[in-house]
Amino acid sequence: MTSAYASLVASLTPETILQKWPDITPLKMISGIPRSAGSDTSSMSSSREDQDLFNGHDEEQIRLMEELCIVLDYNDKPLGAGTKKLCHIMDNINQGLLHRAFSVFLFNERGELLLQQRADEKITFPQMWTNTCCSHPLCVPSELGVNVKSGAKDVNSLEVAVEGAKIAAQRKLDHELGIKIEDIPIENFTYLTRIHYKSASGDDSTSKWGEHEIDYILILKTKDDITIDANYNEVKDFKYVSAEELQEMFKDDKLVFTPWFKLICQTFLMKWWNNLNDLDQFKDDKVHRLL
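The numbering used here applies: residue 22 is where the sequence shown begins, and numbers increase by one.
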């Protein structure tokens with residue numbers, strides 16, 4: 022059954038989205054590699070709205086809000102670049118603004134899953150436990166999956182988008198957990214599927230921030246001895262867990278988990294976990310709407 026919100030998002034044409042949010046840079050206007058506007062915090066607007074949104078938040082996390090996410094239509098087609106701030110303001114989300122994300126589930130040789138607890142400094146979903154790494158491909162050619170040299174790849178192709186998500190995942194595993202690229206080569210990532218979900222960061226009625234994403238699910242199997250050098254502005258804690266240990270964590274009322282991680286656990290994770298050596302059976306080209 023399609024929710025009213027899903028119907029709203031589906032009704033937004035690319036033209037409507039670009040008209041509704043004029044701060045989005047249309048894809049056809051992006052040449053080369055667009056850079057983040059957030060090279061320093063002075064680039065942030067000093068408007069009353071920004072003062073209210075960012076009051077009390079960490080300066081580095083505010084700066085990262087100027088990164089350029091990939092704005093999408095309902096069918097996961099890239100439309101252009103929108104700042105992380107624009108894409109995560111709950112007022113915009115409630116009107117249907119959608120962007121691309123990825124979620125990595127890293128398993129060691131013993132079949133244990135690496136979890137992280139998001140840092141206190143995070144503007145969205147702070148202190149919550151979640152999967153290994155969840156973030157956003159940037160609206161740059163490499164993380165759109167486009168071959169910069171030839172320019173020949175179709176930006177609307179799922180295969181191309183998956184390639185971009187994997188490159189973004191390598192970048193963020195290094196940024197958040199200090200895991201070096203040589204320990205996580207592209208060929209070790211397995212793409213499974215996409216989920217589409219929406220969630221407020223906090224109380225639905227009062228939260229200023231949230232997520233509304235088409236999330237690319239990536240499974241990564243690594244050696245036991247990879248080095249983790251966590252960035253504590255991003256990650257408060259991390260740990261490897263077995264499936265049984267994760268189930269026990271879910272029973273602990275003192276622990277809070279990100280909404281997307283709970284959704285994935287409820288719908289897919291245990292099937293994947295039980296079949297880490299036979300993941301091909303779970304691959305699809307669908308977008309699972311969990312709205």
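Even glycine gets a Cβ: it sits at the ideal position worked out from N, Cα and C.
Rounded separation between residue i and residue j - CA only
i	j	result
Tyr95	Val176	15 Å
Cys90	Leu159	5 Å
Glu87	Lys105	6 Å
Phe278	Met149	5 Å
Val308	Phe271	26 Å
Ala182	Gly166	5 Å
Thr37	Ala31	11 Å
Glu269	Pro47	46 Å
Val256	Thr243	20 Å
Pro35	Ile45	11 Å
Met291	Met50	43 Å
Pro55	Arg192	Residue placement at Pro55 is poorly supported in this model, since its pLDDT is 38, which falls under 50; the coordinates still yield a value, given next. Cα to Cα, Pro55 sits roughly 17 Å from Arg192.
Pro162	Lys98	15 Å
Asp236	Cys155	9 Å
Three-state secondary structure (DSSP) of residue i
i	result
Arg84	helix
Lys193	helix
Ile114	helix
Thr37	helix
Thr145	coil
Trp293	helix
Ser316	The chain is shown from 22 up to 312; residue 316 falls before or after that span and cannot be answered.
Lys260	strand
Trp150	strand
Glu4	Limits of the chain in this structure are 22 at one end and 312 at the other, which puts residue 4 out of reach.
Pro43	coil
Ile249	coil
Asp306	coil
Glu164	helix
Asp236	strand
Lys229	coil
Lys275	coil
Unbroken alpha helix (DSSP H) run spanning residue i, endpoints
i	result
Phe271	Ala264 to Lys272
Ile200	Unbroken run through Ile200: none, as it is neither H nor E.
Lys15	This structure gives no information on residue 15, because the portion of the chain shown stretches from 22 to 312.
Leu284	Pro280 to Ile285
Endpoints, beta strand (DSSP E) assigned at residue i
i	result
Tyr95	Where Tyr95 is concerned, there is no enclosing beta strand (DSSP E), given that its DSSP letter is neither H nor E.
Leu213	Phe210 to Ala221
Cys154	Cys154 to Ser156
Ala27	Per DSSP, Ala27 belongs to no beta strand (DSSP E); it is in the alpha helix (DSSP H), Ala25 to Ser32.
Leu119	Leu119 to Phe128
Leu135	Leu134 to Arg139
Inter-residue CB distance, residue i and residue j (contact presumed, cutoff 8 Å)
i	j	result
Leu284	Leu134	So it is not a contact: roughly 16 Å between Cβ atoms.
Tyr325	Lys229	Outside the displayed span of the chain (22 to 312) sits residue 325, for which this structure offers no information.
Ala190	Phe123	5 Å
His233	Leu118	7 Å
Glu213	Ile238	Just to set this straight, residue 213 is Leu in the shown sequence, not Glu. Correct: roughly 5 Å between the Cβ atoms.
Leu107	His217	The Cβ separation is near 19 Å, so there is no contact.
Val92	His120	6 Å
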